Amino acid sequence: MGESAVSKRKPEKVCHSVEEASALIKQLANPNRLAVICYLIEAPRTVAELEEDLGIPQPTLSQQLTQLREAKMIIGQRQARQVIYRIEDSRVLPLVQALRLIFAELNDIRMQNRGGEGVLPGAMDMFD
């Protein structure tokens, strides 16, 4: 039979921290965004460095950087003709550290691009 009205109803009050944690995890659920975050934790990078080292095509990278900026996880600072991105949200570091304990491949995200492939084939396997 169908669900009762009680089971369909959402909790009227959800803890603010739960909502924030969920939003943060949703941003990192995308393999490209997770790769960018893992790489930016090491050091600030230009778009060109991110594109080359991670193997993410520029249009895709631009979309993901926009989402991460809008989520206030990263910040871009213009220096001359380049924009240098760095981590802005300090909550990202312990979360990625926990993921790195579970998934060793996250320790050097660049290793997955050394065979001439983009980061995505390796990133997709990280969580299988």
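The numbers in our numbering rise by one with no breaks, and the one at position 52 of the sequence shown is 203.
Heads up, the beta-carbon is just placed ideally off N, CA and C, and yes, glycines get one too.
It should be emphasised that the depicted structure is a prediction, and the values quoted were computed from it without experimental measurement.
For residue i, the first and last residue of its enclosing alpha helix (DSSP H)
| i | result |
| --- | --- |
| R251 | 243-253 |
Start and end residues, beta strand (DSSP E) containing residue i
| i | result |
| --- | --- |
| R237 | 233-238 |
Closest residue to residue i among the options (Cα-Cα distance)
| i | options | result |
| --- | --- | --- |
| E221 | I238, A194, P208, V247 | I238 |
| Y236 | L244, L219, R251, L246 | L219 |
| R242 | L216, E171, Q214 | E171 |
| P245 | L205, Q215, I188, T217 | I188 |
| T217 | I176, N258, H167, N183 | N183 |
| Q230 | T197, E193, A186 | T197 |
| I176 | E256, A255, N258, A249 | A249 |
Closer than 7 Å: residue i CB and nearest the ligand FMN heavy atom
| i | result |
| --- | --- |
| A194 | The ligand FMN is not among the ligands present in this structure, which contains no ligands whatsoever. |
Per-residue DSSP class, three states only, for residue i
| i | result |
| --- | --- |
| S168 | helix |
### Query
In the segment 175-230, which residue ranges form an unbroken beta strand (DSSP E) of at least 3 residues, counting only runs that do not cross its ends?
225-230
### Message
Quick test of the definition: if touching needs 3 or more C-beta pairs under 8 Å, does the segment 223-233 touch the segment 201-213?
### Response
no
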